[in-house]
Every structure is written in C-alpha cells, then in structure tokens.
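Engineer: After the structure tokens below, expect a handful of questions from me.
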DNA sequence: TGTTCTTTACCGTCCAGCCGGTATAGTGGA
DNA sequence: TCCACTATACCGGCTGGACGGTAAAGAACA
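Chains as they are written, first to last, in our numbering: chain A, 48 to 235; chain B, 48 to 235.
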C-alpha cells in the first residue's frame, strides 16, 4: 500500500499546522481551540477528538518541533567533515547556511513561545537537544569559550528574531558568520 | 518638608512589584488583576484606580523595565574608557561583570515575556534600546562582525536563561567572557 | 452493524472591566 | 472655627464574554 506522496494532510496535521500558523501570526494569546479548529476547517469537537486537551495539542506541537530540529541538525552534522569543531560548525551551518531553516526557525519560535507560556516543562525536549549539542561541542575538542561564543551568538540571533527586536542586514550577517568561523578555526 | 528616604512605597509601586513577582514566580498566565492587587495588599478596584486596564499595567511595567535597562547601560558605558569597542565593552560588562544585573535580567525576562504575550508592540521601548546600542557599536568603530558576535552571544545567554534552556557554569562563563574580549581586542 | 470521525449544543469557570459606594484629607467661604 | 463642597484613594460586588472541556447525536465507511 504505497502512500500517496501528495495526499491531502489529515485532520490531525491540519490542526497542528493551523495552531502553528495562528500563534505565529497573531500571538500566543490568540491560540484557542475554537480558532485552531476553524482554521483547520474542522469543528471544535472534531479537534478534541484528536487532541484530548489544549495541553495535548501543545505537547504534540512541541514534539513535532523537536523532531524537526533534531532531524535538521542531524543533517547539518552529517554534512560536516569530522574533526574538532564539528558540532559548532553544524550549529553555524544551521544558523547561516540554510535559507529554509530560517523559515523553520520562525515557526519554531511561535511554538516555543506558546509551549512556554502554557507550561515551561513542555520545553524539556528542547532542553535535551541543547544539552546534547553542548555536550557534543565539548567532546569535540572545541575550546569551551569558542563553542559558547559561537553557539550563543546563534541563539542571540534567534532570540532577536523571536521577539522581532532587530534583523541584521545581509552584510552584518556575513560579517558575523565570518567572525565566528574565524574564531572557530583559530581556536581561541 | 524633607522626604522620608525610607518611605514605604506607594500603592502604585507596590502593584508593579507584585505584578512582576507574580509573573516571575508563576508565569505570565497567572497574572490577574485580582491576584496582583491581593499581592500588593490592595483591592482590585484600588488597582484599577491606578491602572485603568491590564494593558496599562503592563505598559507601566515595561516602561519601568526600559528605564532601568537604559540606566544600567548608561552606567556601564560611563565606566568604560573611550575609544573603539566602547559600546560593546559596556554590553559585555552588562552581561558578565555585574552580579546584581543578573537579578535584574531575571526580572526583565518575566516582564518581557508578559508584555510580548499581551501585545508584541509593547516591546517597542526595548527595540529602541537595541537599535541605539547597535548604532553606537557601529559608530564606535567596532568591526561589524565582532560587535554582532559579542552582543548576540550576550543575547543568547539571556535567552537561555529566559527559557531556562541551560545555565553555563562559572568556568564556561569565564571562558566565554575571555573569548569575547579577545575577539574585541584583536578586532576580528 | 460496528468503528471512526465529526458536528452541534451545552456547561462551568475564570477574569477583565464596570460601578456604586466609603473614608480621609484638603479648600474656601462666612 | 464651623460648615459645605470637592478631590483623592480605595473597596468589593457584579456581569458579560471568552474559553476549555463534555456529551450525545449523526455521517461515512468497512
């Protein structure tokens, strides 16, 4: 039974997409079950058939996000040659070298915010991801200061976008990328 | 008629403090007018006398936060010798060299989150602050990549703490600080 | 006919904002 | 100095709406 590659998404997926879109477009506080259901072209009761509670919906959203992040990072990591700094290089690639990741980031931000608002514990998968990457960077042989600087700069950029605090232009972005790579190669 | 230097704070201030404390301790969603009023030792009606709406309360909270941030930064800036990299050095001092600022950061995080949740536009004062610091760093003569790296790393650390994603140990923190200062002095 | 999915209608709770009222401290005559 | 009036600060009950969640009845399909 081959899967139709362009099968229309099921109600469950549509609900997740809708919830994500709402949070992204109109903020955390406007995510309601009724709104998400409407956006997904389903009734509220229908939504609650798939997600027993709002929390369950957010957990599922968070799970999907964590899976996607992990998969993306895995791909970045695989593309990096082995050797010191590998994990950090993967992070930098994550931040600078994949346009479609920017889009993913923006959606991640929405989910992150919604989850944190509902219950900080929902971020546990993300915490686990960070712990893993940070541990890899150490095991990697990257000097701690360098690893921290490069990865946190990426996080800072992410936060700036999350709260729409500022958006660096292409030139600044390129300079930042060069500086961080220089730091990593120089090793201090 | 000299002002008593240790006069008990007025109701208005108590309400702001209470609201801040609630958001910080129990999250954005548990901030209610009634709760904030109770915590401040006042009735809900009394609170609404001082703040016409919940939004007004959040605006005031945000304003207070922005003022404090600006004042702290001003102090850091004044303490730095003139010359290239001054603004960035002030940012680093802000991030690493003032223990009491850490405390302030933690409170800032709560307010920031609450404000963003209610209405992203409430962050405008913070956006203005970032714009100013970023402009100063450029006018300063700091190479763009270096300025971006140093400041964004600080922001990343802030975000990690905001969402409790991770907390670097003292050694990592020291290494990070040294790396960023090295970067700044080297100028690339 | 049974299972899966979906709808409609409804309940209970929570909370922002409203409003009528109270008390205390001025203020301005007379 | 007494009185009438007003402003400031605060109280606490109420209500209307929003929203999470429930329940029971159908549609689609095997």
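Ideal placement from N, C-alpha and C gives every residue a C-beta, glycine not left out.
The structure presented is a predicted model; accordingly, all values stated were derived computationally and were not measured.
What are the uninterrupted segments assigned as alpha helix (DSSP H) that are 4 or more residues long and contained completely in the stretch 97-151 of chain B, given in chain order?
Structural biologist: Qualifying alpha helix (DSSP H) stretches, in chain order: 101-126 and 133-143.
Engineer: With H, G and I counted as helix, E and B as strand and the rest as coil, what does DSSP make of residue 80(A)?
Structural biologist: If DSSP states are grouped into helix, strand and coil, residue 80(A) belongs with the helices.
Engineer: Secondary structure at residue 163(A), three-state DSSP: helix, strand or coil?
Structural biologist: If DSSP states are grouped into helix, strand and coil, residue 163(A) belongs with the helices.
Engineer: Using a Cβ-Cβ cut-off of 8 angstroms, state whether residue 215(A) counts as contacting chain B.
Structural biologist: So yes, residue 215(A) belongs to the interface.
Engineer: Can you pull the chain A residues whose beta carbon is under 8 angstroms from the beta carbon of residue 206(B), in chain order?
Structural biologist: Those within 8 angstroms of residue 206(B) in chain A are 202, 203, 205, 206 and 209.
Engineer: Mind listing the chain A neighbours of residue 163(B)? Cutoff is C-beta to C-beta under 7 angstroms, in chain order.
Structural biologist: Going along chain A in sequence order, the residues near residue 163(B) (Cβ under 7 angstroms) are 210.
Engineer: Since residue 191(B) contacts residue 222(A) with CB under 8 angstroms, what's their CB separation in whole angstroms?
Structural biologist: So it is a contact: roughly 4 angstroms between Cβ atoms.
Engineer: For residue 168(A), does the count of other Cβ atoms within 10 angstroms reach 16, so buried, or fall short, so exposed?
Structural biologist: Residue 168(A) is exposed by the Cβ-count criterion.
Engineer: Whose CA, out of 105(A), 127(A), 136(A) and 116(A), lies closest to the CA of residue 148(A)?
Structural biologist: Residue 116(A) is the option with its Cα nearest to residue 148(A).
Engineer: If the cut is a Cβ gap below 9 angstroms, which residues of chain B does residue 174(A) touch?
Structural biologist: In chain order: 210, 211, 212 and 213.
Engineer: Regarding residue 134(B) and the ligand NAP, is the C-beta to nearest heavy atom distance less than 7 angstroms?
Structural biologist: Absence of the ligand NAP from the depicted structure is noted, as is the absence of any ligand whatsoever, leaving it without description.
Engineer: Of the residues that make up the stretch 71-103 of chain B, which ones have a beta carbon closer than 9 angstroms to any beta carbon in chain A?
Structural biologist: For the stretch 71-103 of chain B, which is checked against every Cβ of chain A, the residues closer than 9 angstroms are 74, 75 and 76.
Engineer: Return the residue from the list 220(B), 210(B), 204(B) and 156(B) that minimises the CA-CA distance to residue 112(B).
Structural biologist: For the residues 220(B), 210(B), 204(B) and 156(B), the minimum Cα distance to residue 112(B) belongs to 156(B).
Engineer: So for residue 226(B), helix, strand or coil by DSSP?
Structural biologist: Three-state result, residue 226(B): helix.
Engineer: Nearest CA to the CA of residue 153(B): which residue from 60(B), 218(B), 89(B) and 211(B)?
Structural biologist: Minimum Cα distance to residue 153(B) is reached at 211(B).
Engineer: Taking C-alpha atoms, which residue in 114(A), 84(A), 131(A) and 99(A) lies nearest to residue 170(A)?
Structural biologist: Measuring from the Cα of residue 170(A), the nearest candidate turns out to be 114(A).
Engineer: With a threshold of 8 angstroms between beta carbons, is residue 131(A) in contact with chain B?
Structural biologist: False, the Cβ-Cβ gap to chain B never drops below 8 angstroms.
Engineer: What residues of chain B sit near residue 193(A), judged by a beta carbon separation below 7 angstroms?
Structural biologist: Going along chain B in sequence order, the residues near residue 193(A) (Cβ under 7 angstroms) are 226.
Engineer: Quick check on residue 189(B): does DSSP put it in helix, strand or coil?
Structural biologist: Correct three-state label for residue 189(B): coil.
Engineer: For residue 62(A), report the span of its alpha helix (DSSP H) as first-last.
Structural biologist: Per DSSP, residue 62(A) belongs to the alpha helix (DSSP H) from 58-73.
Engineer: Alpha carbon to alpha carbon, how far is residue 135(A) from residue 177(A)?
Structural biologist: Taking the straight line from one Cα to the other gives about 12 angstroms.
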